[in-house]
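Just below is one structure, and these are the notes that go with it.
Chains as they are written, first to last, in this note's numbering: chain A, 7 to 99; chain B, 2 to 92.
Here's what the structure looks like:
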């Protein structure tokens with residue numbers, strides 16, 4: 007799982023059946039210090055996250071399909087948690 | 002899943018049997034700001050997208066699952082046609 011910030015959303019009328027009724031959010035991956043790192047991704051939302059939230063993003067298909075309860079869903083990236091706080095050991099940071 | 006723009010199509014007369022009848026599109030990946038990002042790639046179409054459409058696509062094993070017959074060698078598939086991308090101040 008990776009840390010990311012929700013930076014927006016994407017609306018699609020025509021989409022794969024597995025995405026019907028699902029909210030699609032744009033997420034920007036973050037490093038441990040909370041700074042942008044890497045390319046933005048599109049993720050399904052399993053926890054009612056909103057723009058500006060720091061979230062926990064799963065980028066692995068099998069786990070995502072487990073959450074959706076559909077073993078054939080072509081889905082890989084999902085938001086699975088809203089982060090309240092990140093603590094880093096002072097020696098590490 | 003990621004954003005891309007459809008910039009063309011690819012026609013293969015001879016291809017793996019499991020991809021028969023599947024439309025192949027040439028995609029230009031985009032950033033969240035809809036700027037070009039990286040090299041174009043070929044993806045299978047599941048939503049009847051056309052040239053100029055902004056689409057969402059998925060890569061890897063999930064691409065195969067997006068097609069009707071999921072036992073296939075696809076590694077990128079178009080999953081939806083984007084109507085709108087909303088980006089706020091959170092960035």
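Each residue gets a CB set at the ideal place from its N, CA and C atoms; glycine is no exception. This one's a predicted model, so the numbers in the text were calculated from it and none came from an experiment.
For residue j and residue i, the rounded distance between their alpha carbons
i	j	result
residue 33/A	residue 49/A	7 Å
residue 7/B	residue 63/B	19 Å
residue 43/A	residue 37/A	6 Å
residue 54/A	residue 14/A	13 Å
residue 39/B	residue 29/B	7 Å
residue 93/A	residue 69/A	25 Å
residue 36/B	residue 49/B	23 Å
residue 91/A	residue 41/A	15 Å
residue 97/A	residue 8/A	21 Å
residue 60/A	residue 74/B	35 Å
residue 45/B	residue 95/A	46 Å
residue 16/A	residue 70/B	27 Å
residue 76/A	residue 39/A	35 Å
DSSP three-state assignment for residue i, whether helix, strand or coil
i	result
residue 14/A	strand
residue 93/B	No statement about residue 93/B is possible, as the shown extent of chain B runs from 2 to 92 and does not include it.
residue 49/A	strand
residue 73/A	helix
residue 68/B	coil
residue 29/A	coil
residue 67/A	helix
residue 23/A	helix
residue 81/B	strand
residue 35/B	coil
residue 53/B	coil
residue 9/B	strand
Whole-number beta carbon distance between residue j and residue i, since they are thought to touch under 8 Å
i	j	result
residue 52/A	residue 84/A	5 Å
residue 66/B	residue 80/A	4 Å
residue 47/B	residue 22/A	6 Å
residue 134/B	residue 73/A	Residue coverage of chain B in this structure runs from 2 to 92, which leaves residue 134/B outside it and unanswerable.
residue 57/A	residue 89/B	5 Å
residue 2/B	residue 82/A	7 Å
Cβ neighbours of residue i in the same chain (closer than 7 Å, five flanking residues each side left out)
i	result
residue 135/B	Residue 135/B falls outside the range modelled here, since chain B spans only 2 to 92, and no answer is possible.
residue 41/B	8, 27, 28, 29
residue 72/B	19
residue 26/A	none
residue 10/A	33, 34, 35, 36, 61, 63
residue 78/A	none
Same chain only: Cβ atoms within 6 Å of residue i, ignoring 5 sequence neighbours per side
i	result
residue 28/A	50
residue 33/B	none
Cβ-based neighbour list, residue i, same chain, cut-off 8 Å, excluding 5 preceding and 5 following
i	result
residue 11/B	25, 26, 27, 43
residue 83/B	4, 54, 55, 56, 57
residue 17/B	73, 74
residue 18/A	25, 30
residue 51/B	7
residue 86/B	4, 33, 35, 55
heavy atom of the ligand GDP below 7 Å from residue i C-beta
i	result
residue 10/B	Absent from the structure shown: the ligand GDP. Ligands present: none.
- Item | Three-pair Cβ contact test at 8 Å for the stretch 87–97 of chain A versus the stretch 59–67 of chain A | Yes: the two stretches touch, three or more of their Cβ pairs being nearer than 8 Å.
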